Amino acid sequence: MKKYWFAVSGVLAALSFSSQAIAQSSAENGKSSPDIHIAGMVGFDVWQASAKNDEVRGNDDTAAGMQVALETSLPYVPHLKLRYLPVNTGDVQFDKSDVTFYYPLIAHKLMDFNGGLTLSNYADAQWSQPSNGARHSFDEMVFGWYADATIRVPNSGFAIIGEFDFGNTAGIKHADVTAGAQYTVSKFGGEWQLRAGYRVIDLMLTDVGTATGEHKVFVDGWFAGVHYRF
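Quick note, the sequence shown lines up with residues -23 to -1, 1 to 207 if you use mature numbering (1 follows the signal peptide of the UniProt record, and there is no 0).
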């Protein structure tokens, strides 16, 4: 966990330095600093997670996750999203923390598409091996590519949403995929987004933690939640 937050702190410091450098460069060139527009998001989701280890289906868990995002119009500086999800089905247990840096690649009235990278930490992770009942553990930080998309239905508040990160680091081939729909209502100076869909976390572990060989940890299920953008 310490190395995870150390890496995050380093990247945040680099972003802060780059934004200061941009402002200083503009001032030296006789240009005023650009107007900075900031938007934010706070969201909560409830996930009915079902675990499957080495293709053997196990128990379920109702997991409550949260996320926050900060978006700025400052040139070259990426947007920032933080996500946290604790899962404990008994067969599978982990606390997944994500730090995502992304850029808007497509911004249209009918579609948004963002891309970037994600640092994920699987803290206090444990899972049971079905073949012999052995309990294994690991605590790893992994790197992944990130993308999300929103496709809006014209003249309505409905949209199709998707989000994923994936990668292969530290002996962990990993993917976290979300797909669903949302309905947006404008109230209290912001947008309330009611969301529902399906989420999958797929881990292929090779000699990770206390386990040897190749093992598959899979968690999936329906989710529902609400996000507030301001």
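Yeah, the Cβ is synthetic: ideal placement off N, Cα and C, and Gly gets one too. Being a predicted model, the structure only gives us computed values, none of them experimental.
Spatial distance of Met18 from Ala28 (CA atoms): 29 Å
With distances taken Cα to Cα, identify the nearest neighbour of Gly157 among Arg176, Gly35, Lys164. Arg176
Report back the beta-carbon spacing between Tyr123 and Asp142 to the nearest angstrom; my notes put them in contact at under 8 Å. 5 Å
Which class does Glu32 belong to by DSSP, given the choice of helix, strand or coil? coil
Suppose the cutoff is 7 Å on Cβ atoms and the five residues either side in sequence are ignored; what does the same chain contact list for Val194 look like? Asn30, Val69, Trp104, Leu180, Leu182
Validate contact between the region 115 to 133 and the region 50 to 57 using beta carbons, cut 8 Å, 3 pairs: no
In angstroms with no decimal places, state the Cα-to-Cα distance between Leu(-9) and Ser163. Caution applies to Leu(-9), whose pLDDT of 47 falls short of 50 and renders its modelled position unreliable; the value that the coordinates give is listed next. Near 31 Å, if we compare the C-alpha coordinates of Ser163 and Leu(-9).
Cα-Cα separation, Met88 to Asp38: 33 Å
In chain order, what are the residue ranges of uninterrupted beta strand (DSSP E) at least 3 long that sit wholly in the region 64 to 137? 69 to 84, 88 to 105, 112 to 129
To which residues does DSSP link Leu47 through a beta bridge? Gly17, Leu57
Using 8 Å for Cβ pairs, my map puts Tyr205 next to Gly167. What's the rounded Cβ distance? 6 Å
For Phe71, which of Pro81, Ala100, Thr189 has the nearest alpha-carbon? Ala100
Would you kindly work out how many angstroms separate the C-alpha atoms of Thr95 and Ala102, rounded to a whole number? 19 Å
Local conformation of Thr187 per DSSP, three classes: coil
What is the C-beta distance between Gly186 and His113, in whole angstroms, given that I count them as a contact (C-beta under 8 Å)? 6 Å
CA-to-CA distance, Glu48 to Thr77, given in whole angstroms: 12 Å
Whole-angstrom Cβ separation of Ser97 and Asp75, contact assumed at under 8 Å? 5 Å
Give the secondary structure of Gly166 by DSSP, where H, G and I count as helix, E and B as strand, and everything else as coil. coil
Could you have a look at Phe141 and say whether DSSP puts it in helix, strand or coil? strand
Quickly, what does DSSP pair Asp12 with across the bridge? List them, please. The partner list for Asp12 (beta bridge, DSSP) is empty, contrary to what the question assumes.
Assigned secondary structure, Gly202 (DSSP; H/G/I helix, E/B strand, else coil): strand
Going by DSSP, what residues sit across from Phe195 in a beta bridge? Lys29, Asp179
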